[in-house]
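Sequential numbering of the sequence shown, starting at 1, is according to the numbering used here. Ideal Cβ placement from N, Cα and C applies to all residues, glycine included. Worksheet for the structure shown next.
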Amino acid sequence: PLYKLLDLVDKILLPRIINTRIIILLDEIDIIFKLNFPVDDFFAFIRTCYQRRAEKSAYHRLNFALFGITALFTLDQKLDIVARTIDLTGFDISETKPLAYGLWLAKKAKRAKNVLKEILEWTGGQPYLTQKICDLVLKSKFYIPKGEEANKIKHLVKTRLIDDWTKKDIYRHLEKIQNHLLQDNKTKFKRLYFYQKILQQGEVETDVYSEPSQEQIELQLSGLVVKDKENLRVFNRVYEYIFDKDWVRNKLADIPLLCTEKFSNWLASQEQDESQLFYGQELEQVWRWAKEKNLTQQERDFLLKSQLFDAIIKVRLCSINNYESVVKEVFSWTGGQKQLNDLFFEIAKFHPLPAVGSEEVWVDNLVRSHILDKWQTHVENHSIAEFHHQLFLVYLNKLKMLTLNEQTHIAEVFREWIPELEKKTTCLYSNLIETILLWTKPHPVLVETLCQLICEDENPIPINHEAKYIQQLVQTYWISQWETQADTQPIREIRDRLLKNPNCEPFRLLIRYRQILRNELLLEDAHQEDEELLKIGLLTKINGILKVANFTYATIFNLNWVDQSIKNIPRPYNIPKFIKWLDTGRKDKSQLIFGEELERTKVWADLNKQLLTEQERDFITWSIIESF
Numbered sequence: 001p002l003y004k005l006l007d008l009v010d011k012i013l014l015p016r017i018i019n020t021r022i023i024i025l026l027d028e029i030d031i032i033f034k035l036n037f038p039v040d041d042f043f044a045f046i047r048t049c050y051q052r053r054a055e056k057s058a059y060h061r062l063n064f065a066l067f068g069i070t071a072l073f074t075l076d077q078k079l080d081i082v083a084r085t086i087d088l089t090g091f092d093i094s095e096t097k098p099l100a101y102g103l104w105l106a107k108k109a110k111r112a113k114n115v116l117k118e119i120l121e122w123t124g125g126q127p128y129l130t131q132k133i134c135d136l137v138l139k140s141k142f143y144i145p146k147g148e149e150a151n152k153i154k155h156l157v158k159t160r161l162i163d164d165w166t167k168k169d170i171y172r173h174l175e176k177i178q179n180h181l182l183q184d185n186k187t188k189f190k191r192l193y194f195y196q197k198i199l200q201q202g203e204v205e206t207d208v209y210s211e212p213s214q215e216q217i218e219l220q221l222s223g224l225v226v227k228d229k230e231n232l233r234v235f236n237r238v239y240e241y242i243f244d245k246d247w248v249r250n251k252l253a254d255i256p257l258l259c260t261e262k263f264s265n266w267l268a269s270q271e272q273d274e275s276q277l278f279y280g281q282e283l284e285q286v287w288r289w290a291k292e293k294n295l296t297q298q299e300r301d302f303l304l305k306s307q308l309f310d311a312i313i314k315v316r317l318c319s320i321n322n323y324e325s326v327v328k329e330v331f332s333w334t335g336g337q338k339q340l341n342d343l344f345f346e347i348a349k350f351h352p353l354p355a356v357g358s359e360e361v362w363v364d365n366l367v368r369s370h371i372l373d374k375w376q377t378h379v380e381n382h383s384i385a386e387f388h389h390q391l392f393l394v395y396l397n398k399l400k401m402l403t404l405n406e407q408t409h410i411a412e413v414f415r416e417w418i419p420e421l422e423k424k425t426t427c428l429y430s431n432l433i434e435t436i437l438l439w440t441k442p443h444p445v446l447v448e449t450l451c452q453l454i455c456e457d458e459n460p461i462p463i464n465h466e467a468k469y470i471q472q473l474v475q476t477y478w479i480s481q482w483e484t485q486a487d488t489q490p491i492r493e494i495r496d497r498l499l500k501n502p503n504c505e506p507f508r509l510l511i512r513y514r515q516i517l518r519n520e521l522l523l524e525d526a527h528q529e530d531e532e533l534l535k536i537g538l539l540t541k542i543n544g545i546l547k548v549a550n551f552t553y554a555t556i557f558n559l560n561w562v563d564q565s566i567k568n569i570p571r572p573y574n575i576p577k578f579i580k581w582l583d584t585g586r587k588d589k590s591q592l593i594f595g596e597e598l599e600r601t602k603v604w605a606d607l608n609k610q611l612l613t614e615q616e617r618d619f620i621t622w623s624i625i626e627s628f
């Protein structure tokens, strides 16, 4: 099926539909994750079409738009491509003019706009509900006089929508939300409990410094909850009336046994996997829930051990506010193994505790510097030798995440070289590997070459000066002779793909790259250039921000190199003046062009519109304005 789809695009769709963009719209994308057969080929189809842009320019005309209810990270993992999200929001009053006009034409209200305002008060702009209530107004037998809008709409909503809603035609819409809320998975209790908290408080503030929890994501995906600035609240009053405090209290009480999965895993680990225990806010929630349950003695013991674990951790971490985040990060390394947890917290008590938002870095640094780097010391004093391989695999997985692209096989390169690198330094995991990555990621050949240089170098690596050592090594063997050295072929490939790019005009690429180097605000849409710079590996994207992938590229392909390369690309105007004009924030009028040079440039621009960058258009436009 995959190859047939690709043949359809390659041999029929693109050849027959020419000189225009093609957009394939896929609605209800969430359904695909519920199918009972593999769907990887579907995502492979989209991914392959995107990747073929590097081979065939026609594929740049093909785009996909996916609509539905699913978490963005789920699609990112499946597609592994550069994509943009478009948030779909509810109606605001300015977008409901056609609806108000319809009410006015039907002569159902004295002030149709005021009626719409009251409807939006109930729906929050939710499209289906807004149109449904408008339809109810049209079908009603009463007329809404001025000043009666609020009372009439409230009566209509309560009698025709909310009361006995399971018997109304709105049921299918609300059933989808209810099914999403009540789906059985390990976050069901957390999801309902968090929703109960929103109902009680009106809105719940989210942590801007951390990723949203799974239950927060699921509540938003259900459509019941929306994010308003940094707060989560119920989308609208209709939902709040139907899925009210009594509803959520009853659904929480219906959960047969909250801790079945964790309890079973705890017993299966012979009571050694502490990641299955409850702690922090979750423990408090469970105790409240347990008061209304008839638990077995084993279940009570499990909760008591959770309580003991929570108390011990609080003492070990001095009851800091963010201790739950610390425990979560520790478990990401230890897998919850009690012996490793004990070792970590024993080490942690000798170090300053982390600030909010720095838990991951703090835990990683302690594990790498005081456990992995000093493993032999710990093995002598603890029966934890069996866990070395586990920690090593965790470290490799974290490397994969750090390099952002598992296809680069960087973790596998380090797996091969780590035995030799361990002979060169006692700070391999805490300093050296991270420093190597800063100069080489995401290119596995550069990683391997630098590892080889380090192992062959006769000079010792000075402790706590690994960064300076690597910088000198790279400067000597790579940067000073990158255009001729055999080992630096990957760097020359970056240069060639910048200056001889088949998919994107080099001038446009270099101008965009120059903006990024100068940390300029990127307002204009240069999506194609961004895609290409990411694809060739010169840039990486971290938290939505484009950055140069490594120190080696940043040192070689610096502003001076970019400016010189731009000057070598044919343009009818004085390129150095254009660059100076850009660097002054487009304010230095003395750098604009006039006379014959301007006329020559205008003719060229008319013939080469597809080559012009946004900055060039502005440069030429301002030159024309100033010439009058």
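A straight line joining the alpha-carbon of Tyr195 with that of Ser213 spans about 13 Å. In the DSSP assignment, Lys113 falls within the alpha helix (DSSP H) that extends over Ala112 to Thr123. Between Arg111 and Leu136, the C-beta spacing is not below 9 Å.
With 16 or more other CB atoms across the displayed protein chains lying within 10 angstroms of its CB, Ser623 is buried. A check of alpha carbon separations from Asn341 across Leu353, Ala355 and Val363 identifies Val363 as the nearest.
Straight-line measurement puts the Cα of Gln376 at about 45 Å from the Cα of Pro38. Relative to Lys349, the option among Thr334, Gly357 and Val315 whose CA is nearest is Val315. Secondary structure at Asp163: coil, using DSSP grouped into helix, strand and coil. For the pair Leu343 and Asp583, the Cα-to-Cα distance works out to about 54 Å. Classified as exposed, Gly595 has fewer than 16 neighbouring CB atoms from the shown chains inside 10 Å of its CB. Per the DSSP secondary-structure output, Phe64 pairs in a beta bridge with Ile24. A check of alpha carbon separations from Leu25 across Ala65, Leu391, Leu450 and Lys34 identifies Ala65 as the nearest. If one requires a minimum length of 4 residues, the alpha helix (DSSP H) runs lying completely within the segment 591 to 619 are 595 to 607, in chain order. As computed with DSSP, Thr540 is found in a beta bridge with Lys547.
Here DSSP, grouped into helix, strand and coil, assigns Glu205 to strand. Around Glu329, the same chain offers Glu359, Glu360 and Val363 as residues with beta carbons nearer than 6 Å, after the five sequence neighbours per side are excluded.
In the DSSP assignment, Arg514 falls within the unbroken alpha helix (DSSP H) covering Pro506 to Leu517. Per DSSP, the continuous alpha helix (DSSP H) segment holding Val137 begins and ends at Pro127 to Lys139. Secondary structure at Asn231: strand, using DSSP grouped into helix, strand and coil. Judged by pairs of C-beta atoms under 8 Å, the segment 450 to 469 does not touch the segment 494 to 510, as fewer than three such pairs exist.
Burial is judged here by how many other beta carbons sit within 10 angstroms of a residue's own beta carbon; Tyr323 has at least 16 and is buried.
Along the length of the segment 392 to 438, whole beta strand (DSSP E) runs at least 3 residues long do not occur. The Cβ atoms of Leu224 and Tyr239 sit closer than 9 Å to each other. Counting only runs that start and end inside the segment 318 to 345, the alpha helix (DSSP H) elements of at least 4 residues fall at 323 to 334. Residues of the same chain with a CB within less than 8 Å of the CB of Asn265, apart from the 5 flanking positions on each side, are Asp273 and Gln276 in chain order.
In the DSSP assignment, Ser306 falls within the unbroken alpha helix (DSSP H) covering Gln297 to Arg316. Assignment of Ile255 by DSSP, reduced to helix, strand and coil, places it in the coil class. Assignment of Ala106 by DSSP, reduced to helix, strand and coil, places it in the coil class.
Short of 8 Å from the beta carbon of Cys504, and not among the five residues preceding or following it, lie these beta carbons of its own chain, in chain order: Gln528, Glu529 and Glu532. Under the three-state reduction of DSSP, Asp273 is assigned to strand. Glu218 counts as buried, since at least 16 other C-beta atoms from the protein chains shown sit within 10 angstroms of its C-beta. When DSSP states are grouped into helix, strand and coil, Val226 belongs to the strand group. Using a Cβ-Cβ distance cut-off of 8 Å, the segment 575 to 592 and the segment 473 to 488 are not in contact, since fewer than three pairs of beta carbons, one from each stretch, lie closer than that value. Remark: C-beta atoms of Lys424 and Ile371 do not approach each other more closely than 9 Å. Judged by DSSP secondary structure, Glu240 falls within the alpha helix (DSSP H) whose first and last residues are Arg237 to Ile242. In the three-state DSSP reduction, Ile144 falls in the strand class (E or B).
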